[in-house]
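Beneath this line is the structure, given in C-alpha cells, with notes to follow.
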Amino acid sequence: MDRDTDRSRLLSRRALVLGGLKLAGLSALVGRLYYLQVIESARYTMLAEENRISLRLIAPSRGTIIDRFGTPLAINQQNYRVVVVSERTRNIQETLDKISRIVPLTEGDRRRVLRELHRKRRFVPVTVRENLSWEQVATIEMNTPDLPGVAIEVGEIRHYPQADSLAHIMGYVGAVSEAELSGNSDPVLSLPGFRIGKAGIEKFHEKVLRGTAGTSQLEVNAVGRVIRELSRDEGQSGREIQLTIDMGMQRYVQQRLAQEQSASAVVMDIHTGGIYALCSHPSFDPNQFTLGINAELWEELLSNPATPLNNKAVVGQYPPGSTFKMMVALAGLESGAISNHHSVFCPGYMELGDHRFHCWKKGGHGTVDIVGGLRHSCDVFFYDVSRRVGVDRIAEMARRFGLGDRTGLDLPHERPGVIPSIAWKKATYGKGWDMGETLVASIGQGYVLATPLQLAVMTSRLANGGYAVKPHLTRQIKSVSGEQTSWPSLGVKKENLDLVLRGMYEVSNAPNGTAYKSRIVEAGFELAGKTGSAQVRRISMAERSTGVKKNEDIPWRERDHALFVAFAPVQAPRYACCVFVEHGGGGSTVAAPIARDILLECQKRDPGRASVAESPPNGVKARPRG
Numbered sequence: 001m002d003r004d005t006d007r008s009r010l011l012s013r014r015a016l017v018l019g020g021l022k023l024a025g026l027s028a029l030v031g032r033l034y035y036l037q038v039i040e041s042a043r044y045t046m047l048a049e050e051n052r053i054s055l056r057l058i059a060p061s062r063g064t065i066i067d068r069f070g071t072p073l074a075i076n077q078q079n080y081r082v083v084v085v086s087e088r089t090r091n092i093q094e095t096l097d098k099i100s101r102i103v104p105l106t107e108g109d110r111r112r113v114l115r116e117l118h119r120k121r122r123f124v125p126v127t128v129r130e131n132l133s134w135e136q137v138a139t140i141e142m143n144t145p146d147l148p149g150v151a152i153e154v155g156e157i158r159h160y161p162q163a164d165s166l167a168h169i170m171g172y173v174g175a176v177s178e179a180e181l182s183g184n185s186d187p188v189l190s191l192p193g194f195r196i197g198k199a200g201i202e203k204f205h206e207k208v209l210r211g212t213a214g215t216s217q218l219e220v221n222a223v224g225r226v227i228r229e230l231s232r233d234e235g236q237s238g239r240e241i242q243l244t245i246d247m248g249m250q251r252y253v254q255q256r257l258a259q260e261q262s263a264s265a266v267v268m269d270i271h272t273g274g275i276y277a278l279c280s281h282p283s284f285d286p287n288q289f290t291l292g293i294n295a296e297l298w299e300e301l302l303s304n305p306a307t308p309l310n311n312k313a314v315v316g317q318y319p320p321g322s323t324f325k326m327m328v329a330l331a332g333l334e335s336g337a338i339s340n341h342h343s344v345f346c347p348g349y350m351e352l353g354d355h356r357f358h359c360w361k362k363g364g365h366g367t368v369d370i371v372g373g374l375r376h377s378c379d380v381f382f383y384d385v386s387r388r389v390g391v392d393r394i395a396e397m398a399r400r401f402g403l404g405d406r407t408g409l410d411l412p413h414e415r416p417g418v419i420p421s422i423a424w425k426k427a428t429y430g431k432g433w434d435m436g437e438t439l440v441a442s443i444g445q446g447y448v449l450a451t452p453l454q455l456a457v458m459t460s461r462l463a464n465g466g467y468a469v470k471p472h473l474t475r476q477i478k479s480v481s482g483e484q485t486s487w488p489s490l491g492v493k494k495e496n497l498d499l500v501l502r503g504m505y506e507v508s509n510a511p512n513g514t515a516y517k518s519r520i521v522e523a524g525f526e527l528a529g530k531t532g533s534a535q536v537r538r539i540s541m542a543e544r545s546t547g548v549k550k551n552e553d554i555p556w557r558e559r560d561h562a563l564f565v566a567f568a569p570v571q572a573p574r575y576a577c578c579v580f581v582e583h584g585g586g587g588s589t590v591a592a593p594i595a596r597d598i599l600l601e602c603q604k605r606d607p608g609r610a611s612v613a614e615s616p617p618n619g620v621k622a623r624p625r626g
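Numbering (the UniProt record's numbering), first residue to last: 1 to 626.
Shown next, in the form of C-alpha cells:
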C-alpha cells in the first residue's frame, strides 16, 4: 500500500510539471501571437504593404528657356522610343531583325539590348532605340501583330530650336556621371536616362531647371511584376528662365562673325548690364550632345584649330592691344601724372636705355595730345604716359573698369584675364618689374590679357558715365527680375572721362581717325570706338629694316588679333559692343566694320525698349524709345 501511494504521488508530480510546462508554452505562444498581431500589427501591416506596393520616381519636365521677347531657346520635345519585353517574344534575335527593317540598329545597339535583357527580369521593358521619327513610330504601330513584345513609349528630350546660334550660351544636357551622382542626395539623378546640364545656362541654372521628381505607387506581385497603379504625383516641373538675349540680334551677330575663321562678340546694355548677344564662332549644334554625340564628330570638334567648343567671349584671354589705351589715359589723368593738355612728340619710336620701342606708324605722328593719341592710336604717346604714371596705377584703373577679375556673369568657367602689377610679377615669377614692361603693357601687350566680355564691360562703364555696371544673361526666373539699373560710381572725374570719350568719338568720326572708314553715317546712330591690333609674334629688327610682313603673307597662327570696342549712339549712349577676330589682322580693317554693322543693327532693333527698368542710373540721360 505504501509503495502504491508513493508511485501515485510521483506520477501526480510529473503530470503537474508536464502540465505546467505545456501551460507555460501555450502562454508564451499566445503572448507571442498577441505581440505580433496586436502590438506589432501596424509595423507588419506596413511591411506587407511595402512588399505589395512599389514606389517609383517620375522624372520632372525640365524648365524651358526663352529670350527677352519670349522666343523659345530650350524646350522639351516628345521622345518616342521602341522597347521590347523579353517574356513576350519567342525569339529576341528574330524580333530585333524585324525591328531593324524599320529602325536601323547597329551591332552596338544589339549588344546593348541583349546585355540589358540578360541583366533585367524578363517582364521589364528594355529600350531598343530612342528618338524615333513619326514615320518610324507609325510603321512599328502598324506592324505590332508581327512584333510580339515590342511597344512604343513616349518620354521627353531636350531640344534647342536655335541650334548653333546659341550653343555657347545654352550649353547642353547629358547623362549623369558617377562623379556627379556621388555626394548628391537628389534621388532623381539615379533614374535611368535622366539628363542634367553640362555647360552654359543649362549647367549654371541646373537646380532651377531640374524641378522636383514625382512619384507613382504601383501594386506588384511577389516577383515584382506591376499589377496596377494605385496613385500618381507628377511632381513639379522646372521653372522657366527668361534671358536678356535678343534672339534676332544673336542670330545676326553669329552670322556676321561666320565670315571669319575664328571670332567672338558681345553686345550689352551699358545701363542694365543685360547682354543682347554673346557669340563665339565657330560654334556647334548642342542637339548632337543631347542625342549622344558620336566619336568621329567629337574628335573633329576637338581637333579644330578654331576651338568651336570654347566660348571665346568668356573664356578666351587675349592681349587687348590698343583698346587698353583708355585705361592708361584715365590712370594718368586721375593720378595727376599728366594734365588734360599733355602732349608728346612722336617720331615713330621711344628709346629707353639701349632699347627702342616702336610706334605702329613708322614715320611717327608728330605732336599729339590725349584726344589725338587716341584718335591716331599713337603708341609713343602712351609709352610716355605709362612711364610717368607707373604700372600699378594703370592696373588699379583697369580693375575699376572690370579688367583682371571675373565679371560674375551667370555662365560657368568664366576666366579672369590678367592685369599685371609689380606685386603680381613678383608673386608669379619671383622677379622684379622692368620699366620696359610698363611701356609694353601701356599698349595692351606683354602680360596684359582680357576676355571680350571684360572689354565690353570696360566700354560700358566708360559710356555710362563711370558706373560699375555688371553683365548678366538671366533677365528673370518666372516673375523674379534679375536686372537692375542702379550701380555704384567708379569715382572717375567727369572732365577726365569726357576727354577720353571725345578721343573715342574722333577715332570713328574724325577723317584722320583709325576707324573713320567704319563709321555709321546714319544721323542719330553714330558710334564712338577704339581700334586694337594685338601682336602674337615678335618682330625682329631685321624685319623692321626690310619691311614688316603683312598679315596676309604669314601663317594664320602668326597674324595679329583684330579688336574693336564701341558704344552707340554717341548722343545718348545705350549699347556697347566688343568684337574680337582671332588672328584677323588689323582692328580698323577687320573688327571695326563688323562692330559698325552690329551696332547699327542693334540700334534699329532697339532691344533695350523692353528693359525691366526704363531709367539708367543716377539720372544719366537715356535715349528716348518708342
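Ideal Cβ placement from N, Cα and C applies to all residues, glycine included.
Quick one, are the C-beta atoms of residue i and residue j less than 7 Å apart?
i: S393; j: S339; result: In the sequence on display, residue 393 carries Arg and not Ser. Their beta carbons are not under 7 Å apart, which means R393 does not touch S339 by this criterion.
i: V385; j: G332; result: yes
i: Q236; j: T212; result: yes
i: C578; j: I598; result: no
i: I382; j: S442; result: The question names Ile, but residue 382 is Phe in the sequence shown. Yes.
i: V113; j: V103; result: no
i: S518; j: R596; result: yes
i: D410; j: M247; result: no
i: H205; j: I75; result: no
i: P573; j: I270; result: yes
i: P308; j: P347; result: no
i: R399; j: I419; result: yes
i: G408; j: M458; result: no
i: G316; j: T451; result: yes
i: A239; j: V188; result: What sits at residue 239 in the sequence shown is Arg, not Ala. No, the Cβ-Cβ distance between R239 and V188 is not below 7 Å.
i: I241; j: I65; result: yes
Which term fits residue i, buried or exposed, when burial requires 16 or more other beta carbons within 10 angstroms of its beta carbon?
i: L47; result: At L47, the pLDDT of 47 sits below 50, so the modelled position is not reliable; the number obtained from the coordinates is stated separately. When all chains shown are included, L47 counts as exposed.
i: Q603; result: buried
i: F345; result: exposed
i: E50; result: In this prediction, E50 scores a pLDDT of 49, lower than 50, which makes its location untrustworthy; the coordinate-derived value is nonetheless stated afterwards. With fewer than 16 other Cβ atoms within 10 Å, it is exposed.
i: D405; result: exposed
i: I355; result: Correcting the residue type first, residue 355 is His in the shown sequence and not Ile. It counts as exposed.
i: H26; result: With the sequence shown as reference, residue 26 is identified as Leu, and His is not the correct amino acid for it. Exposed, because fewer than 16 other Cβ atoms sit within 10 Å of the Cβ of L26.
i: C97; result: Checking the sequence, you will find Asp at residue 97 rather than Cys. Result: exposed.
i: F564; result: buried
i: D498; result: exposed
i: P617; result: Only weak support exists for where P617 lies, its pLDDT of 40 falling under 50; the value from the coordinates is given anyway. Result: buried.
i: I99; result: buried
i: I39; result: exposed
i: K203; result: buried
i: F580; result: buried
i: V223; result: With a pLDDT of only 48 at V223, under the threshold of 50, the placement of this residue in the model should not be trusted, and no figure is reported.
i: T95; result: buried
i: E296; result: exposed
i: M397; result: buried
i: P305; result: exposed
i: L23; result: exposed
i: H118; result: exposed
i: F284; result: buried
i: L29; result: exposed
i: R544; result: Since pLDDT at R544 reaches only 49, below the 50 mark, its modelled position is unreliable, and the value read off the structure follows with that caveat. So R544 ends up on the exposed side.
Could you round the C-beta distance between residue i and residue j to whole angstroms and report it? I think they count as a contact, below 8 Å.
i: V84; j: P145; result: Not really, about 15 Å apart at Cβ, beyond 8 Å.
i: S586; j: D560; result: It should be pointed out that residue 586 corresponds to Gly in this sequence rather than to Ser. With a Cβ gap of about 7 Å, G586 and D560 count as contacting.
i: L352; j: L243; result: Between L243 and L352 the Cβ distance is about 49 Å, and since that is not below 8 Å, they are no contact.
i: G524; j: A592; result: Going by Cβ atoms, the distance from G524 to A592 rounds to 20 Å, so no, they are not a contact pair.
i: R210; j: I201; result: 13 Å between Cβ atoms; not a contact.
i: P319; j: L449; result: 6 Å
i: I277; j: A263; result: Looking at the sequence shown, residue 277 is not Ile but Ala. With a Cβ gap of about 13 Å, A277 and A263 do not count as contacting.
Check: Taking three-plus beta-carbon pairs below 8 Å as touching, is the region 505–519 in contact with the region 362–375?
Finding: yes
Note to self: For the pair the region 319–326 and the region 288–299, tell me if three or more CB-CB distances fall below 8 Å.
What the structure shows: no
Notebook entry, point to check: Taking three-plus beta-carbon pairs below 8 Å as touching, is the region 69–87 in contact with the region 126–143?
Noted result: yes
Note to self: Closer than 8 Å is the cut-off here; do at least three beta carbon pairs connect the region 509–521 with the region 304–315?
What the structure shows: In short, these stretches do not touch, since the Cβ pair count stays below three.
Notebook entry, point to check: Given 8 Å as the limit, is there contact between the region 428–437 and the region 164–179, that is, 3 or more CB pairs closer than that?
Noted result: Put simply, the region 428–437 does not touch the region 164–179. Fewer than three CB pairs are less than 8 Å apart.
Checklist line | alpha helix (DSSP H) segments (min. 4 residues) lying fully within the region 57–127 | finding: 92–100 and 107–119
Margin query: For a minimum of 3 consecutive residues, which ranges assigned as the beta strand (DSSP E) are wholly contained in the region 117–185?
Written below: 126–129, 150–159 and 173–175
Checklist line | 4-residue-minimum alpha helix (DSSP H) runs that sit fully inside the region 421–488, ordered along the chain | finding: Runs of the alpha helix (DSSP H) inside the region 421–488: 422–429, 435–442 and 452–463.
Next item on the list: Please go through the region 499–531 and give each complete beta strand (DSSP E) segment of 3 or more residues, from N-terminal end onward.
Entry: The qualifying runs do not exist here; there are none.
Checklist line | Segments of 3+ residues assigned as beta strand (DSSP E) that fall wholly inside the region 227–306 | finding: Annotation: the region 227–306 contains the following complete segments of the beta strand (DSSP E) (minimum length 3 residues), in chain order: 241–243, 263–269 and 275–281.
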